[in-house]
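Take a look at the structure set out below.
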DNA sequence: ATGGTACAGTGGCTAAGCCACCTCGTCAAA
DNA sequence: TTTGACGAGGTGGCTTAGCCACTGTACCAT
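Protein chains in written order, with this note's numbering: chain A, 116 to 371; chain B, 116 to 371.
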């Protein structure tokens with residue numbers, strides 16, 4: 116039943132090398148190893164080297180350029196990852212000026228948070244977490260209300276300034292964390308009066324509620340979040356069908 | 116900038132053959148052509164044949180079994196496609212008994228429908244469309260309200276019975292249409308009084324509004340739909356990150 | 001009936017090599 | 001000095017020929 120699992124050890128090693136180097140070693144656009152280099156270094160044939168590369172190309176990690184070489188495509192991945200955590204990029208992409216208000220920033224014991232969340236984060240009651248609440252604005256208009264718990268051990272030195280800015284940058288930069296992805300559940304909900312007031316819409320307005328758990332590259336939970344997106348400002352796009360392209364659903368600021 | 120576009124003509128032909136045969140020729144689990152057959156038939160090397168097959172495997176269309184052969188995986192694709200059009204499968208998957216009420220079923224001129232929709236369907240004013248409105252129930256509970264326009268020329272002989280049942284089956288079966296996918300936009304909205312009453316929720320309840328255009332394999336628009344999902348019954352899941360797996364976002368009936 | 005064995009067919013992979021394509025330096029002409 | 005033609009060397013694309021590991025089957029001895 117294995118469809119595309121590459122047992123090819125060359126693929127495995129190159130894959131690890133690329134994915135573990137999210138924060139360093141390879142920049143987007145860098146030349147990658149050539150087929151001939153790989154075949155020599157790993158003592159495999161060029162065909163096998165090509166096959167390993169082809170898999171990585173189809174996963175979007177590399178790009179073939181005939182007659183030139185194979186190149187790293189960190190930009191796309193970066194974009195995907197950034198958009199997981201960072202509202203900033205999405206807003207810019209929609210041509211809006213992003214800003215942020217840090218409404219809550221404190222450290223607390225895991226025993227004080229919801230059991231369900233603590234379990235999702237695989238924490239013991241005496242572990243610690245960061246609690247953040249941020250209101251995010253596009254062109255001064257509040258559009259996202261975000262509540263997030265971060266596993267403290269991953270980023271013990273998180274500062275208020277970092278928390279108010281790009282969390283993605285703070286995590287992947289100084290703390291050297293490699294974010295792998297997130298599991299999301301998207302629901303349609305009504306905003307409570309408090310939420311509505313913060314988002315400056317009338318009470319009981321529709322909104323997207325995204326509950327997500329983010330993971331590091333070695334599959335350890337890194338954060339839990341519940342984020343509310345103003346329904347009148349956000350829409351999700353997806354392209355379904357047998358063509359498994361590189362465009363999963365993603366929230367976008369409306370551009371009307 | 117082409118990441119994984121296969122210029123390989125063998126890949127192209129095999130791909131066409133597999134995708135166009137969604138309704139016939141290949142059953143799930145069937146043996147596909149062997150590398151040696153392909154290399155002979157297309158006058159290419161076995162390595163090239165393997166590369167073409169490997170691409171199709173990574174797309175989920177085929178499955179390699181070492182020492183045995185290559186096999187067709189129609190089931191997965193079918194499932195994806197069915198879930199595009201067919202509420203029935205999703206409901207069954209959630210362990211609910213699906214049923215349906217056909218509230219509207221008529222033929223009308225394209226000039227009478229919204230300009231935006233007519234353009235999305237690439238129709239002239241004197242073309243014809245089917246208009247359908249269906250209320251879909253899970254275990255007797257109304258959960259989806261669906262409004263759909265179908266391009267008449269694709270399925271001129273659509274019957275009321277077919278429209279009330281599985282549209283996917285009616286389109287891909289008798290009419291031999293090959294559905295390729297759909298572009299969707301998902302919004303969070305409030306239900307109008309009429310919609311809420313049909314879905315048996317209180318007025319101004321939250322809901323997902325999915326607006327989608329479905330396409331045939333040759334990229335011609337086949338339908339336009341606006342579908343409302345009860346917010347208290349549906350949630351969307353997605354797994355984001357650099358691992359481009361085969362799990363795009365898809366609405367699911369909650370199973371609480 | 002059972003179990004071992006040889007065989008033929010499969011995809012996985014290697015090896016050596018030609019081709020089309022691209023970059024970049026060189027060198028001649030303007 | 002600038003421009004353009006040319007070619008060397010490197011790249012991925014693909015071929016050819018062949019061995020290997022794995023699988024199912026048919027056969028045969030027990």
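In this text, a Cβ means the ideal position worked out from N, Cα and C, and glycines have one as well. Computed from a predicted structure; not experimentally measured.
Cutoff 9 Å: residue i Cβ touching any chain A Cβ
{"i": "residue 312(B)", "result": "no"}
{"i": "residue 299(B)", "result": "yes"}
{"i": "residue 227(B)", "result": "no"}
{"i": "residue 205(B)", "result": "no"}
{"i": "residue 156(B)", "result": "no"}
{"i": "residue 272(B)", "result": "no"}
Closer than 9 Å at the beta carbon, the chain A residues around residue i
{"i": "residue 346(B)", "result": "302, 303, 304, 305, 321"}
Residue i - partner residues in DSSP beta bridges
{"i": "residue 269(A)", "result": "Partner(s): none; residue 269(A) has no beta bridge."}
{"i": "residue 242(B)", "result": "Note: residue 242(B) sits in no beta bridge, so no partner."}
{"i": "residue 221(A)", "result": "246(A)"}
{"i": "residue 305(B)", "result": "321(B)"}
{"i": "residue 329(B)", "result": "297(B), 338(B)"}
{"i": "residue 151(B)", "result": "The partner list for residue 151(B) (beta bridge, DSSP) is empty, contrary to what the question assumes."}
{"i": "residue 215(A)", "result": "251(A)"}
{"i": "residue 350(A)", "result": "367(A)"}
{"i": "residue 187(A)", "result": "177(A)"}
{"i": "residue 261(A)", "result": "249(A), 342(A)"}
{"i": "residue 256(B)", "result": "253(B)"}
{"i": "residue 146(A)", "result": "186(A)"}
Within chain B, partners of residue i - CB distance below 9 Å
{"i": "residue 261(A)", "result": "What residue 261(A) touches in chain B: nothing, since even the nearest Cβ is about 16 Å away."}
Sequence-distant residues of the same chain with beta carbon closer than 6 Å to residue i, five excluded per side
{"i": "residue 201(A)", "result": "281, 283"}
{"i": "residue 298(B)", "result": "328"}
{"i": "residue 153(A)", "result": "164"}
{"i": "residue 116(A)", "result": "Model confidence at residue 116(A) stands at a pLDDT of 34, short of 50, so the residue's coordinates are unreliable and nothing is read from them."}
{"i": "residue 214(B)", "result": "252"}
{"i": "residue 258(A)", "result": "345, 348"}
{"i": "residue 325(A)", "result": "299, 301, 342"}
{"i": "residue 212(B)", "result": "254"}
{"i": "residue 123(B)", "result": "167"}
{"i": "residue 57(B)", "result": "Lying outside 116 to 371, the shown extent of chain B, residue 57(B) is not represented and no answer is given."}
Contact list for residue i against chain B, beta-carbon separation under 7 Å
{"i": "residue 162(A)", "result": "162"}
{"i": "residue 340(A)", "result": "Residues of chain B passing the Cβ test: none, with the nearest at roughly 12 Å."}
Chain B within 9 Å of residue i, Cβ atoms only
{"i": "residue 169(A)", "result": "yes"}
{"i": "residue 219(A)", "result": "no"}
{"i": "residue 126(A)", "result": "no"}
{"i": "residue 351(A)", "result": "yes"}
Own chain residues within Cβ distance below 8 Å of residue i, not counting five before or after
{"i": "residue 232(B)", "result": "264, 339"}
{"i": "residue 240(A)", "result": "224, 225, 226, 233"}
{"i": "residue 185(B)", "result": "146, 147, 148, 149, 150, 168, 172, 177, 178, 179"}
Beta-carbon proximity list for residue i, same chain, < 7 Å, skipping 5 on both sides
{"i": "residue 322(B)", "result": "304, 306, 343, 344, 345, 346"}
{"i": "residue 218(A)", "result": "248, 249, 250"}
{"i": "residue 130(B)", "result": "171"}
{"i": "residue 161(B)", "result": "150, 151, 154"}
{"i": "residue 188(A)", "result": "143, 175, 176, 177, 178"}
{"i": "residue 228(B)", "result": "244, 264"}
{"i": "residue 330(A)", "result": "295, 296, 297, 336, 337"}
Partner residues on chain A for residue i, Cβ-Cβ distance less than 8 Å
{"i": "residue 212(B)", "result": "Going along chain A, no residue has its Cβ under 8 Å from residue 212(B), so there is no contact; the nearest lies around 24 Å."}
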